[in-house]
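Peer 1: Encoded as C-alpha cells, here's the structure I'll be asking about.
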C-alpha cells in the first residue's frame, strides 16, 4: 500500500513539476508579449497622434486661409514622405469636393472629387455635423486593401469649411509602423468588430496557439481589434528537454520500483514456503511415533526428535552431546549396547535393524527395533549415523494377543461338531476347514477343490438364491442356501447351509456349515411313527367314549320297542283295541328297531378300523417308550422318573400301543399330581413285577397330594375330572383298555404320600 | 284338584310316545313333555299322579328338575329313568328322597308296578292332605278362648286344671269343651288329639 501511494505521489509531483515549469515559461512569454504589444500600440498611437497634430495644424491654417494648394501640396508631400504609413492626405471642402490631395504613390482614388466608399461619406457627414475630428470605419480600397481615414474639420467658429483627411491603409501601418524584430517575433493582425481579419503582417510561420493577446485598437476605434500572437520558435525544444528528461527518469524510477517490488514479493513467497515447509517438517517430526536419534562419527548424540524423548523419558537437552553409555541403556544390557554401538560406528549395523531393550527414565524397560542409516551432510561427507527407533512392545503384545485369539478361534471352530469350510469363488479352492470337516473329508482338504472334496454331500449351486461370484463385499453376509442332504458315503444326514461372507482378505467367499442332523431326523421319524400310533390310540379312546354313550343311545330304541310291544300285548289281552292303532304302534316299534340296528352298525364299522393287535410285549420296552413321550412334561414340571423292571420279567400279551397309552396317561397324571409337591420331592417311580403265575403288575407311584379316601372309585367313572381342561375320560378308558386285556386297573394310596396306580396284564401264552 | 296323571318327561320322542302307548294300555292318563323346561312351564301345584323323568337330557337334567320341584314343595312322586353309567347320579337322587329309579332297558311290568305304586302313594298323600286341610279349617273356626281350652285338653289337663290355669270357672270350661268337641267333629279326646296333630302337619 505505502509503496503504491509513494509511487502515485511521486508521479503526481513530477506531473506538477512539469506543469509548473511549463506554466512559468508560458507566463514569462506572456509577460514579454504584453510588454511588446504595449510598446507596439504605443508606437502606433504616437504616430497617429503626430498625424493628428499635423492635420489639425494644417486645418487651422486652412481655416485662417493661410494654406494654398501649392503649400498644401508641399506640406502634405513632405509629411507623407517621412510618414510612409499614410497612403494619402486629402483636402475636402465644405461641399464635399476634393480641393486638393497628395498621394504617397501616384494615383488618387478621390481625385475625381467623389467619395468612392460609403464609410468615407459617413465620416465626412459625422465631421460636418460635429466639427470634431473623427476616424471612419474601415473600408477596402482597391489599391491598399483595408483602409480607414482620419478626418479633421476645417472651421472658423461654427462655420464648417471642409476637412483634412488622412488615409491609413492597414497594410501600410503594418509595413511601416511595426519594426522588423517585432514582425519576426509576433504575428500582428487587425480584425473588425465582427472578428473578420482585415490585415496581418505575415502568416508564413506556424503560430504558438496559447500565446496570443487581443486589445482594442482605439483610435481609430469602431470596434477594431489588434491581435498579437507569438510564433512557435525552435527554442521550445530546448525548453521541453528537462520535462522530457524528468518524465523519462520518472519512468525509469517507477520501473525499478516495480522490479524491486516483484523481487520482494518473490522473496516473501519463498520465505513463506520455507517457513511452511519447516513447520510441516517439524509437525511431521513431532507427530511421528518413530524415535529418531543421530550420532556423529565419535558416537556423540547430535540430534533426537520429540518421539525419542517421549520414548525414553529424557528431555532433549539431557541427551544432546552425550556420549556412551547413554542414559537410556539399561545397566544389565551395557555390554550388548556397547557392542552394537561399535558395530554401528564401524558401519556394520545390520540392514534389517536390531532389537534392543531400552530404559525409560522412570525405570521401565521396553523393547525397540533400531534401524541405522548413514547421515550425510551437505557436502556429501558422512557426518554420523541416524537411527530410527520403533517401540515394539505394543506390537509384540498385539501379536501375542492375535495368536491367542486365533488359537481360541480355532479351538472353538474345531470344537464344533458341525463341519465348516470356506472356499474361494474363483478357483473353488478350500481356504479353511475345521476339524469336523477334516474328520469327514480328510485332513488334506485345505487347498483342494471344494466340490471334488465334498462330492459325497454337496448342494447344487444352481439352487442358490444368488450367484456368489457376482456379489459385492457390501452385500455380504448373505444366506445362499439351506438344505438337508445325506452323505452318500457315511449315510448320515446333514443340514447344509451356504453363506456368502467377506473373507479376511476382503474378497467374497462362500462358507458352508454342515450340521449332523441324523439323530434329529431319526427322532423325527420316530415321532411321526408314534404320532401315527397315537392316532390309532385316540380312535380307541373315542371307542371307549362311544362304549359309554352307546349303552344310553341303544337303550332308547330298545326301550321304545319294548314299550310299544307291551302296549300291544296289554291291549290284546284286555281285548280292548283297534287294529289300526295296533298297526301304528307296531310300525313305530319296527322304526325303532331299525334305529337300533343303525347304531350298532355304526359302532361295528368304527371298531373294525381299530382292532387291537395283541402280541408278546416286553413291558420294559413299553415303559421306556412311554417315558420318552412324557420326558418333556417331566422336565417342565421338574419331576424325576425312576424305573425299576427286573430283567427276567416275562413278556405280556397285549396291544403294545394301547398299553403304552395307558402308561403314558398314568405317568402324566402322576406328574400333574405332583404340581404342589416341593421340587426336590417330585419323583415318579415306575416298577413292574410278576403278579402270580399269570399276570404282570405295573405300578406308577407318585408323591402328589393323593386322592381322598372315598373318591378312589369315582376316579374311574366317566366324566370325572379334577383338571379344569380335562375330559374326565382318561382313567375310564384306561380301565376299559386294561379290562379289555383281561387285566385290572386300580389305585391305592402311596404309604409315603401320593397315590399308586397299578394294572395287571396277562402273560403271553407260550 | 286335577285328575291323577303320569307326567312323562323325556327328550327322546320315541321313548315318550312308546311309554304313552304302554301306560294307556293300562288305562292310565298320560301327559308328555319333551324337556324339563317344558314341564316347569306347564307345572301347577295341584298336579297329582306321578312323574317319569329321564336323568340325562340336554338343557335342564332330570336331577335339576327334581331339585326345582322340591324347592317348590311339590310332593309329586318321581321315577327316574337312568341309562348305562347314570347309576351314581340316580343314587344321589334317591338319597335326596326321590321315589325310585328304573334302569333302561326296563321291564314293562316293573315300570307299571312302580307307576301304580307311585300313583297310590300320591293318592294316599292327597287324601291325607285333604284330611289335614279339614282339621285345619275346623281349628280355624274356634274362638280364642276355645283354642286355649283345646290346647290344654290336648296336653291332657283336667277341666279343673284348665279352669285354674285360665282363671275361669269349671262350668265355663265344660261349655267351651263341648263347643270344641262339636266344632272339631270329635267324639273322644283321642280323636281330638289326632285332628290337632293332622292340622299341624
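Chains as they are written, first to last, in this note's numbering: chain Y, 1257 to 2022; chain Z, -2 to 198. For each residue, glycine too, the CB sits at the ideal point set by N, CA and C. As the structure is a prediction and not an experimental result, all values here were calculated from the model.
Quick check: is the beta carbon of residue 1966/Y nearer than 7 Å to any beta carbon in chain Z?
Peer 2: Numbered from 1 along the first chain, position 710 holds the residue referred to as residue 1966/Y. Answer no: the Cβ-Cβ gap between residue 1966/Y and chain Z never drops below 7 Å.
Peer 1: Determine, using beta carbons only, whether residue 1768/Y and residue 1754/Y come nearer to each other than 7 Å.
Peer 2: Locating residue 1768/Y in the first chain gives position 512, counting from the first residue. Locating residue 1754/Y in the first chain gives position 498, counting from the first residue. Against a cut-off of 7 Å, the Cβ pair of residue 1754/Y and residue 1768/Y comes out as a contact.
Peer 1: Buried or exposed: residue 15/Z, going by 16 or more other Cβ atoms within 10 Å of its Cβ?
Peer 2: The residue given as residue 15/Z occupies position 18 in the second chain. The residue in question, residue 15/Z, is buried, as its Cβ has 16 or more Cβ neighbours within 10 Å.
Peer 1: Is residue 1916/Y near residue 1880/Y, with beta carbons less than 7 Å apart?
Peer 2: As a first step, residue 1916/Y is located in the first chain; it is residue number 660 there, counting from the start. As a first step, residue 1880/Y is located in the first chain; it is residue number 624 there, counting from the start. Cβ atoms of residue 1916/Y and residue 1880/Y: not closer than 7 Å.
Peer 1: Measuring only the C-alpha atoms, how far is residue 1585/Y from residue 1530/Y?
Peer 2: What you label residue 1585/Y is simply residue 329 of the first chain in a count that begins at 1. What you label residue 1530/Y is simply residue 274 of the first chain in a count that begins at 1. Computed Cα separation, rounded: 37 Å.
Peer 1: Which residue comes first and which comes last in the alpha helix (DSSP H) that contains residue 1386/Y?
Peer 2: Looking up residue 1386/Y in the first chain gives position 130. Note, residue 1386/Y: alpha helix (DSSP H), 1374 to 1386.
Peer 1: Counting only Cβ pairs nearer than 8 Å, list the residues of chain Z close to residue 1813/Y.
Peer 2: In the first chain, counting from the first residue as 1, residue 1813/Y sits at position 557. Result: 11.
Peer 1: If you scan the segment 1725 to 1793 of chain Y from start to end, which runs of the beta strand (DSSP E) of 3 or more residues do you find wholly inside it?
Peer 2: 1734 to 1742, 1749 to 1758, 1764 to 1772
Peer 1: Using a beta-carbon distance below 7 Å, is residue 2025/Y in contact with chain Z?
Peer 2: Past the edges of chain Y, shown from 1257 to 2022, lies residue 2025/Y, and the structure says nothing about it.
Peer 1: Take the Cβ of residue 1912/Y as the centre, count every other Cβ of all protein chains shown within 10 Å, and call the residue buried at 16 or more, exposed below.
Peer 2: Here residue 1912/Y corresponds to residue number 656 of the first chain, with the count starting at 1. Counting Cβ neighbours within 10 Å, residue 1912/Y comes out buried, since at least 16 surround it.
Peer 1: When the Cα of residue 1810/Y is compared with those of 1645/Y, 1853/Y, 1787/Y, which residue comes out closest?
Peer 2: Within the first chain, the letter at position 554 stands for residue 1810/Y. Selected option, being the one with the closest Cα: 1853/Y.
Peer 1: Leaving out five residues before and five after residue 1336/Y in sequence, what residues of the same chain have Cβ atoms less than 7 Å from its Cβ?
Peer 2: Sequence index remark: in the first chain, residue 1336/Y carries index 80 (1-based). Same-chain partners within the cutoff: 1342, 1345, 1358, 1360.
Peer 1: If we ignore side chains and look at the alpha-carbon of each, how far apart do residue 1613/Y and residue 1600/Y end up?
Peer 2: Along the first chain, read from residue 1 onward, the residue named residue 1613/Y stands at position 357. Along the first chain, read from residue 1 onward, the residue named residue 1600/Y stands at position 344. Approximately 16 Å between the Cα atoms of the pair.
Peer 1: Considering only the alpha carbon of each residue, which of 1412/Y, 1411/Y, 1397/Y lies closest to residue 1405/Y?
Peer 2: For this step, residue 1405/Y is matched to residue 149 along the first chain. When the alpha-carbon of residue 1405/Y is set against those of 1412/Y, 1411/Y, 1397/Y, the nearest one is in 1397/Y.
Peer 1: Per DSSP, which residues does residue 1418/Y bridge with? Please list them.
Peer 2: Along the first chain, read from residue 1 onward, the residue named residue 1418/Y stands at position 162. Note: residue 1418/Y sits in a beta bridge opposite 1349/Y.
Peer 1: Are any of the Cβ atoms in chain Z nearer than 7 Å to that of residue 1848/Y?
Peer 2: In the first chain, residue 1848/Y corresponds to position 592, counting from 1. Chain Z, which has a Cβ nearer than 7 Å to the Cβ of residue 1848/Y, makes this yes.
Peer 1: Output yes if chain Z places a C-beta closer than 7 Å to the C-beta of residue 1991/Y; else output no.
Peer 2: Your numbering for residue 1991/Y matches position 735 in the first chain. So no, residue 1991/Y is outside the interface.
Peer 1: First and last residue of the alpha helix (DSSP H) that includes residue 1990/Y?
Peer 2: Locating residue 1990/Y in the first chain gives position 734, where the first residue counts as 1. Looking at the DSSP string, the run of the alpha helix (DSSP H) that includes residue 1990/Y is 1986 to 1996.
Peer 1: Is residue 47/Z helix, strand or coil when you go by DSSP?
Peer 2: Taking the second chain and counting its residues from 1, the one referred to as residue 47/Z is at position 50. Here residue 47/Z sits in strand by DSSP.
Peer 1: On the three-pair Cβ rule with 8 Å, is the segment 1375 to 1393 of chain Y touching the segment 1280 to 1287 of chain Y?
Peer 2: no
Peer 1: Please state whether DSSP places residue 1327/Y in a helix, a strand or coil.
Peer 2: As a working mapping, residue 1327/Y is identified with position 71 in the first chain. The answer is helix: DSSP assigns residue 1327/Y an H, G or I state.
Peer 1: Name the one or two DSSP bridge partners that residue 2003/Y has.
Peer 2: As a first step, residue 2003/Y must be located in the first chain, where it is residue number 747. In the DSSP output, where bridge partners are listed per residue, residue 2003/Y has 2013/Y.
Peer 1: Under a CB-based cut-off of 7 Å, is residue 1947/Y close to chain Z?
Peer 2: Taking the first residue of the first chain as 1, we reach residue 1947/Y at position 691. No, no contact with chain Z.
Peer 1: Tell whether a beta-carbon distance below 7 Å holds between residue 1583/Y and residue 1593/Y.
Peer 2: Sequence index remark: in the first chain, residue 1583/Y carries index 327 (1-based). Sequence index remark: in the first chain, residue 1593/Y carries index 337 (1-based). No, Cβ-Cβ distance for residue 1583/Y and residue 1593/Y is not below 7 Å.
Peer 1: When DSSP labels each residue in this structure, what does residue 1263/Y get in the three-state scheme?
Peer 2: Locating residue 1263/Y in the first chain gives position 7, where the first residue counts as 1. Correct three-state label for residue 1263/Y: helix.
Peer 1: Determine the burial state of residue 1920/Y: buried for a count of at least 16 other Cβ atoms within 10 Å of its Cβ, exposed for fewer.
Peer 2: Working through the first chain from its first residue, we reach residue 1920/Y at position 664. Answer is buried; the Cβ neighbour count reaches 16.
Peer 1: Quick test of the definition: if touching needs 3 or more C-beta pairs under 8 Å, does the segment 1660 to 1679 of chain Y touch the segment 1638 to 1651 of chain Y?
Peer 2: no
Peer 1: Check whether the Cβ atoms of residue 1927/Y and residue 1899/Y sit closer than 7 Å, and answer yes or no.
Peer 2: Translated into the one-based positions of the first chain, residue 1927/Y becomes position 671. Translated into the one-based positions of the first chain, residue 1899/Y becomes position 643. For residue 1927/Y and residue 1899/Y, no; Cβs fall outside 7 Å.
Peer 1: Applying a beta-carbon distance threshold of less than 8 Å, which residues of chain Y neighbour residue 23/Z?
Peer 2: Numbered from its first residue, the second chain carries residue 23/Z at position 26. Within 8 Å Cβ-Cβ: 1826.
Peer 1: With a 10 Å radius around its C-beta and 16 neighbouring C-beta atoms as the bar for buried, classify residue 46/Z as buried or exposed.
Peer 2: By one-based count along the second chain, residue 46/Z stands at place 49. That one is buried.
Peer 1: Specify the secondary structure class of residue 1620/Y as computed by DSSP and reduced to three states.
Peer 2: By 1-based counting over the first chain, the position of residue 1620/Y is 364. Reduced to three states, the DSSP call for residue 1620/Y is coil.
Peer 1: Give the residues of chain Z in contact with residue 1822/Y, contact being defined as C-beta atoms less than 7 Å apart.
Peer 2: Counting from 1 along the first chain, the entry for residue 1822/Y is found at position 566. Result: 19, 105.
Peer 1: Give the secondary structure of residue 1641/Y by DSSP, where H, G and I count as helix, E and B as strand, and everything else as coil.
Peer 2: Translated into the one-based positions of the first chain, residue 1641/Y becomes position 385. If DSSP states are grouped into helix, strand and coil, residue 1641/Y belongs with the strands.
Peer 1: Could you tell me whether any Cβ in chain Y is nearer than 7 Å to the Cβ of residue 15/Z?
Peer 2: Stepping through the second chain from its first residue, residue 15/Z is reached at position 18. Yes, contact with chain Y.
Peer 1: Is it true that the CB of residue 75/Z sits closer than 7 Å to the CB of residue 48/Z?
Peer 2: Translated into positions along the second chain, residue 48/Z becomes position 51. Translated into positions along the second chain, residue 75/Z becomes position 78. For residue 48/Z and residue 75/Z, yes; Cβs fall inside 7 Å.
Peer 1: Could you name each continuous beta strand (DSSP E) segment of 3 residues or more that falls completely within the segment 1532 to 1607 of chain Y, going from the start of the chain to the end?
Peer 2: DSSP runs (the beta strand (DSSP E)) wholly in the segment 1532 to 1607 of chain Y: 1547 to 1552, 1557 to 1560.
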